[in-house]
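Contents: one structure, followed by commentary.
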Amino acid sequence: MQKDFHYFATYCAAYLAGYTHEESCGIACSAQLVDECSPAFINMLEAPAAAVTTQMQAELMDANTDVTGLQSITRIWASFHFLPQDLYAKRKKCSKKYLDKYRLLCGPNGTLVKDTVETAKGRGLQAAGLAMHVLADTWAHRYFAGTPSLVINNTDHYFYEIFPDGTEKQIKFRHSPMQPDDVENGVYSNSIFQTGEKSVMNLGHGRAGHLPDYSFCRYKYLPAWGGYNEIVKDNPSDYYNAFCQMIYAMKYLGGGTDAFETGVYDREAVRGYEEEIREIITTRRINAEEAWRAFGEKLSGQPVPDHNTEGFQREYRGAAKEKKPDTFLGKFFTAATAQKSMVTNRIYKSGNMLAGYSVSPESSVWRRVMDKLAKAGEGHE
Amino acid sequence: MNKRQRVLNLLMGVFMMFMAFVLVCIPEDGYELIIAALSIGLVCGGIRSLYFYFTMARHMVGGKRLLYRGVIVLDFGLFTASLSYIPHFYILLYLLGIHMFSGAMDIWSALDAKKLGSDHWRLKLSRGVIDVVIGILCLVFIRQRDTAVYIYCAGLVYNGIMRVLASLRRTAMVYIP
């Protein structure tokens, strides 16, 4: 998903879940920050390296794709952008190597979504925003995996856009990095086909271009793992479900409900706004920021500010070392580390080594390690 | 390209220039070395493709292409290894054939890249055209063995230099986060 949904739509969902305008801004800012907290951002702030939640294009191009490099990439992308749906999925007659990658397929309403929301409970607005980013991406990025893999993430020429009147048009992708997508004429960019299984070009939904991130788009294609079964991706429906599920999740995080269960969507909260939301989601455009902003301002009656973290960065830099975890960004980094630790641990416990080794946060070994690190004043993955 | 790919490309380019030098200096043994290197490379590549197919790609849509590629490459490698004991004339013909085939593939790939709006199709096209032209020139002078060998070595050096330049070039790649 893009900033229009991660920031502005999350703001709207937070407000509908009962948060104040200021709280909704904090949650929305954190949700968008997940797409910006790269190693360069962390280095600039001298923040804990473990809190990285994304990698920028240049960083990925130079990333190592040896075993530890791949584990590092998988830990980031599977924890924050491609949360696995079923770590114990079954697939017949395949090698362990293939099965491990297959089990990292992202999708909504998996056990890890519940764990993500419950991990965020009681940890503040920053954790709530981070959890909403992860939850929303399980809908947009479903059917792709957060690890470089040709055999899981590849697509081929069988790729058709489905228009509202039912007609279909084959999508011809281009590999032109400088030209933006032309949604009017249905011309989109995707990543270049690379035969290398571990090439970063085969990470996530690169082979499908930005199509998963366009809320208006419906398309059908043959995913590499699908055994020639066609998948129809209905983004308008998925984005609407994501929005309603975010409201339900944030009501739980705000104390409005006792439990968070998967497969539940708060459609009651959007009563009276359904048409407006669907109109925003289904309008054919690359960027729906202004539409979501207008909706948010209508809900709260207050201007929704642009996403800007400079003030938070100044706060973090200016804080004393022992006070940094209490700043806005400090709390975000703590939430990011907790999320990454939880997901990596679940992946490891399922017998899958693609995210590397993990020590359970509840174990005494972990506590001893963290105590030592706290004394040394460093953060490690 | 990432750093590892750049280093591999650079080493391959240097190796090709070295092999051209060897072929000019010691043509009798040079052929054996080139055939051996080509054969080992093709056999390893073929086995790698087949291993990848049977462990991973057989579950992938379009994975059979990797099976075919592995079988073809392995066959070429084994066939290449069997060429050691035939007259050098035929070895040179075989090497020319591979060179021209590679050039034709580069031309096809360049035209494809042009259709997709890539900015780097011209370089690839020129490389492909030069490979094909070198192959044709070698065929024209095939009876004058030394001339043909020198033209072929010039082709190897040219390809080696192109690989080295490619490894040093900044490439703009589309990556979708």
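Those sequence lines, one after another, are chains A and B.
Residues 1 to 381 in the numbering used here are what the first sequence spells out, letter by letter.
Residues 1001 to 1177 in the numbering used here are what the second sequence spells out, letter by letter.
No residue lacks a Cβ here, since even glycine has one placed at the ideal position from N, Cα and C.
Please read these numbers as outputs of a predicted model, since none were measured by experiment.
(request) Could you name the residues of the stretch 131–152 of chain A whose beta carbon sits closer than 9 angstroms to any beta carbon of chain B, in the order they occur along the chain? (result) The stretch 131–152 of chain A vs chain B, Cβ under 9 angstroms: S149, L150, V151, I152.
(request) Starting from the N-terminal side, write out each stretch of the alpha helix (DSSP H) that is 4 residues or longer and does not extend beyond the stretch 301–348 of chain A. (result) Whole alpha helix (DSSP H) segments, 4+ residues: 310–318.
(request) Determine the direct distance from the alpha carbon of Y1051/B to that of M342/A, and round the result to whole angstroms. (result) Distance between the alpha carbons of M342/A and Y1051/B is about 34 angstroms.
(message) Going by DSSP, what residue range makes up the alpha helix (DSSP H) through E161/A?
(response) No alpha helix (DSSP H) contains E161/A, which is instead part of the beta strand (DSSP E) from 159–162.
(request) Pull up the CB-CB distance for G26/A and L125/A, whole angstroms please, since I reckon it's below 8 angstroms. (result) The C-beta distance from G26/A to L125/A rounds to 4 angstroms, short enough to fall under 8 angstroms.
(request) Look up F1101/B in the DSSP assignment and say whether it is helix, strand or coil. (result) In the three-state scheme derived from DSSP, where H, G and I count as helix and E and B as strand, F1101/B is classed as helix.
(message) Just to make sure I have the definition right: I need the residues of chain A whose C-beta is within less than 7 angstroms of the C-beta of F1052/B. Which are they?
(response) Proximity of chain A to F1052/B at the Cβ level (cut-off 7 angstroms) is accounted for by E197, in chain order.
(message) Here's the rule: buried if 16 or more other CB atoms are within 10 angstroms of the residue's CB, otherwise exposed. What is G1160/B?
(response) So G1160/B counts as buried.
(message) If we require 4 or more residues per run, which alpha helix (DSSP H) segments fall completely within the stretch 248–310 of chain A?
(response) Entirely contained in the stretch 248–310 of chain A, the alpha helix (DSSP H) runs reaching 4 residues are, in chain order, 274–282, 289–300.
(message) If you follow the alpha helix (DSSP H) that V67/A is in, where does it begin and where does it stop?
(response) Start and end: 67–80.
(message) Does the contact criterion of 3 or more C-beta pairs under 8 angstroms hold for the stretch 1121–1137 of chain B versus the stretch 1096–1112 of chain B?
(response) Contact holds: three or more Cβ-Cβ distances are below 8 angstroms.
(message) Using only CA atoms, which one of A120/A, S189/A, K340/A, G330/A lies nearest to A47/A?
(response) Comparing Cα-Cα distances from A47/A to each of A120/A, S189/A, K340/A, G330/A, the minimum goes to G330/A.
(request) Check the Cβ of G1045/B against every Cβ in chain A and list those closer than 8 angstroms, keeping chain order. (result) At a C-beta separation below 8 angstroms, G1045/B has no neighbours in chain A, since its nearest C-beta there lies roughly 11 angstroms away.
(request) Output, in chain order, the set of chain A residues within a Cβ distance shorter than 8 angstroms of A1110/B. (result) Those within 8 angstroms of A1110/B in chain A number zero; the least Cβ separation is about 13 angstroms.
(message) Counting only C-beta atoms, is A9/A closer than 8 angstroms to chain B at any point?
(response) Under the Cβ distance rule, A9/A does not count among the residues neighbouring chain B, no pair being separated by less than 8 angstroms.
(message) For the structure I just gave you, are there three or more beta carbon pairs, one from the stretch 136–143 of chain A and one from the stretch 38–46 of chain A, closer than 8 angstroms?
(response) Taking 8 angstroms as the limit for Cβ pairs, the verdict is that the stretch 38–46 of chain A does not touch the stretch 136–143 of chain A.
(request) Show which residues of chain B have a CB atom less than 7 angstroms away from the CB atom of A291/A. (result) Taking a Cβ-Cβ cut-off of 7 angstroms, A291/A has no neighbours in chain B, whose nearest Cβ is about 23 angstroms from it.
(request) Go ahead and label I1040/B buried or exposed: buried means 16 or more other beta carbons lie within 10 angstroms of its beta carbon, across all protein chains shown. (result) Within a 10 Å sphere around the beta-carbon of I1040/B sit fewer than 16 other beta-carbons, which makes this residue exposed.
(request) Tell me whether C12/A sits in a helix, a strand or coil according to DSSP, three-state version. (result) Reduced to three states, the DSSP call for C12/A is helix.
(request) Can you give me the Cβ contacts of Q170/A inside the same chain, cut-off strictly under 6 angstroms, excluding the 5 residues immediately before and after it? (result) Excluding positions up to five away in sequence, the list reads Y160.
(message) Using C-beta distances below 8 angstroms, list every residue in its chain close to K1157/B, excluding the 5 sequence neighbours before and after it, in chain order.
(response) What sits at residue 1157/B in the sequence shown is Val, not Lys. Correct list, in chain order: M1016, M1017, A1020.
(message) Is D1131/B close to the ligand ADP? I mean its beta-carbon at under 7 angstroms from any heavy atom of the ligand.
(response) Ligands displayed in this structure: none; no statement on the ligand ADP is therefore possible.
(request) Have a look at A136/A and T337/A and give me their C-alpha separation to the nearest angstrom. (result) Spanning the alpha carbons of A136/A and T337/A requires a straight line of approximately 19 angstroms.
(request) Compute the Euclidean distance between the alpha carbons of Y1175/B and D62/A, then round it to the nearest angstrom. (result) Residue placement at Y1175/B is flagged as unreliable, the pLDDT there being 47, under the threshold of 50; the coordinate-derived value follows with that caveat. Each residue's Cα considered, the two are about 13 angstroms apart.
(request) Find the nearest neighbour of P236/A within the set P164/A, A294/A, F332/A, judged by alpha-carbon distance. (result) Considering only alpha carbons, the answer is P164/A.
(request) Could you tell me whether the Cβ of K1003/B comes closer than 8 angstroms to any Cβ of chain A? (result) True, the Cβ-Cβ gap to chain A drops below 8 angstroms.
(request) Measuring alpha carbon to alpha carbon, tell me which of Y239/A, L87/A, A50/A, R123/A ends up nearest W292/A. (result) Of Y239/A, L87/A, A50/A, R123/A, the residue nearest in Cα terms is Y239/A.
(request) Kindly list the residues whose CB is nearer than 6 angstroms to the CB of G122/A, restricted to its own chain and excluding five residues on each side of it in sequence; keep chain order. (result) Sequence-distant partners of G122/A (beyond 5 residues in either direction) whose C-beta falls short of 6 angstroms from its own C-beta are missing from its chain.
(message) Checking 8 angstroms against the spacing of the C-beta atoms, do F82/A and G129/A come in under that value?
(response) No, the Cβ-Cβ distance between F82/A and G129/A is not below 8 angstroms.
(request) Write down the C-beta distance between I281/A and K220/A rounded to the nearest angstrom, noting that I regard them as a contact closer than 8 angstroms. (result) At roughly 19 angstroms, the Cβ-Cβ gap does not stay under 8 angstroms, so I281/A and K220/A are not in contact.
(message) With a threshold of 6 angstroms on Cβ separation, who are the neighbours of A242/A within its own chain once the five nearest residues in sequence on each side are excluded?
(response) Within the same chain, Cβ atoms closer than 6 angstroms to the Cβ of A242/A are found at A136, W139, the five residues on either side in sequence being excluded.
(request) Please work out which residues of its chain come closer than 8 angstroms, Cβ to Cβ, to R103/A, disregarding the five sequence neighbours upstream and downstream, and give them in chain order. (result) Here the set comprises P84, D86, L87, Y88, A89, S350, N352.
(request) Compute the beta-carbon to beta-carbon distance between D35/A and T10/A, rounded to the nearest angstrom, for a pair I have assumed lies under 8 angstroms. (result) Contact flag wrong, Cβ pair sits at about 12 angstroms.
(request) With DSSP as the reference, label V1022/B as helix, strand or coil. (result) In the structure shown, V1022/B adopts helical secondary structure according to DSSP, grouped into three states.
(request) Determine whether the Cβ of H1059/B lies closer than 8 angstroms to any Cβ atom of chain A. (result) By the rule that beta-carbons nearer than 8 angstroms mark a contact, H1059/B touches chain A.
(request) Report the three-state DSSP secondary structure of F173/A (helix, strand or coil). (result) Secondary structure at F173/A: strand, using DSSP grouped into helix, strand and coil.
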